[in-house]
Every structure is written in structure tokens, then in C-alpha cells.
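Student: Take a look at this one; I'll ask things after.
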Amino acid sequence: MPEGPPPEPPVQRLRLRYAKRGRLRFSSHRDFQRAFERALRRAAVPMAYSAGFNPHPRVSYANAAPTGAASEAEYLEIALHRRCDPEALRAALDGALPPGLDVLDAVEATPGALADRLEASWWRIELPGTPSDVVAEAVRVFLAAERVEVQRLMKAGVRTFDARAAVRSLRVVLEDEAVEDVTDRVAQGVLGSCAILHLVVRHTTPAVRPDDVLAGLRSQAHLAPLSPPRMTRLAQGPLDEENGRVADPLAADRDAVGA
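In the working numbering, each number is its position in the sequence shown, counted from 1, plus 7.
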């Protein structure tokens, strides 16, 4: 048996939203975990710890973005052995993390698993040097297909799966505004040489990532971007199937506290 008293039980759980920006988008999930645990110590957060011979701070990470992708909507949950003001803790952690890893929100957790609320993600994908009209035609072909098989190397080897079924919406946008009629925009000479895609993708098993959708656009419609894409997750949370919007997963916690 491990020596010493048992760890103090958690009395509060907080859910945090954080961003990966700039050069920090190239940090791996393991890099972020190390940086976050150092920030917990610097900010003197009263963490609850696991039991056993090698106690760890009780942190639950949820659906991290792939390395190389920026994000405005990453989530985690921490357990504390002493109650803290969520906003004060958010500010302390944000100050203890390097610029580019930014803690944006903190709320007290209500019952239920945070991961269950993360049903879909909304992504912005920039394709520098690729004309929007070319991308718009590739999107049309992709969405018209019943199935688009792609391959990805996973821990168990190369796996083939359908990238089309998980896509709720995929569209070309101008200055982040949806293009309702791409053909008219092309005729007017409005579309430029950097295509911007907005993608809403359901969280499935295996997870369909933006690079999988780009692989599907390549295989299905021969789209080959001239420069590496820039991907940013704008939101993840509950999916409204009627309008395709991704909602805030912390709204229910915030509403419960304010009730």
C-alpha cells in the first residue's frame, strides 16, 4: 500500500475552454498536457489527485484537435479539493500558460459527462493559392457522393473509412460569410485565389478530421491544394441537426449556476 494519507476528495469540478493559436498550434496534445500541468503548479490550483502509488492531478481532456490545427474550442475538466472562483482560476491559469495557449472560459461543472456534449465540430479551412471556384466544384462533387472512402494510419495500422457520412455541411465562404450561390460569385469575379471552407463534421468513430475531408476532396474530385492548408476549429459542442449549428457545450453548466 502507498504510504501517507489518502488524497483529499474532490469538492468541485470546473470545465475549461482553451485555445491553441499561432505557432502553438504545432504543439501536440502531450505537449499541452505537460504545459498545463506546469501551469496548475505555478497558479497554485488546489487540485484533487488520484489514489495509488503514482498520484496524478485529476484532469480529463476531451477530443483534442490534431497537431498542426489551431483551435478556439478545446475543452477539459479539472477536479479540486477546495472550492475556487471559476473566473479567478481561469485568469491565473491563463497567466501561467505561454502566449498561444489561452484559457478562455471556466464554469462549474454540473452532472453528466462533458464528452457526451461534444457531438460535432465547426472548422475553418484555408487553402492558400487555390482558387475558390475550383474548390467549390470539388465540394459539389464530394457532397453529391454517397460514400467517400479515405485511409489513415492509426495505431493498429492503415484503416479505411467513409469521410462523407460524418459531414453535416461543407461550403465555400467569402470573408467568413456563407456563399449562397458560388456560380454567381464566380461570374462576378468575386472569388479569389485563397479558398476558405467552413466544415461542420459530426464526431464519429473513427473521428473524421478536416484532413480526412481534404483527402476525400482529393480522391473524389482531384483537388490538390498548392500550399499546406490552415485549419482552425471554431467550435465544438451539441449539434442542432435542423440548422447545422454547433452550440456551446458549457451553456448548460452556466445556465444551471445562474438558475
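The beta-carbon is built from N, C-alpha and C at its ideal position, and this holds for glycine as well.
1. Between Thr137, Leu87, Asp255, Lys27, which lies nearest to Arg65 when the distance is taken from Cα to Cα?
2. Skipping 5 residues on each side, what residues in its chain have a beta carbon closer than 8 Å to that of Cys201?
3. Applying the 10 Å Cβ sphere with the 16-neighbour rule, what's the burial state of Thr190?
4. Can you list, in chain order, the residues of its chain with a C-beta nearer than 6 Å to that of Ala254? Leave out the 5 residues immediately preceding and following it.
5. Over the uninterrupted alpha helix (DSSP H) stretch that includes Asp218, give me the two end residues.
6. Alpha helix (DSSP H) containing Gly102: first to last residue?
7. So, for Arg28: in the same chain, excluding its five sequence neighbours on each side, which residues have a beta-carbon less than 7 Å away from its beta-carbon?
8. Taking 8 Å as the threshold (C-beta atoms), are Glu84 and Arg22 in contact?
9. Figure out for me which residue from Ala120, Phe39, His63, Ala99 has the closest Cα to the Cα of Arg20.
10. Alpha carbon to alpha carbon, how far is Phe60 from Glu79?
11. Mind checking Glu15: buried by the 16 CB within 10 Å criterion, or exposed?
12. When you compare only the Cα positions, how much space is there between Glu184 and Val155?
13. With distances taken from CA atoms, which of Ala98, Ala116, Leu104 is nearest Ser67?
Tutor: According to the structure shown:
1. Leu87
2. Glu133, Leu134, Pro135, Gly136, Thr137, Ser139
3. Residue placement at Thr190 is poorly supported in this model, since its pLDDT is 39, which falls under 50; the coordinates still yield a value, given next. Exposed, by the Cβ-count rule.
4. Gly244, Pro245
5. 217-228
6. 93-103
7. Ala77, Gly107, Asp109
8. yes
9. Ala120
10. 36 Å
11. exposed
12. With a pLDDT of 47 at Glu184, under the threshold of 50, the predicted position of this residue should be treated as unreliable, though the coordinate-derived value follows. Taking the straight line joining both Cα atoms gives about 27 Å.
13. Ala116
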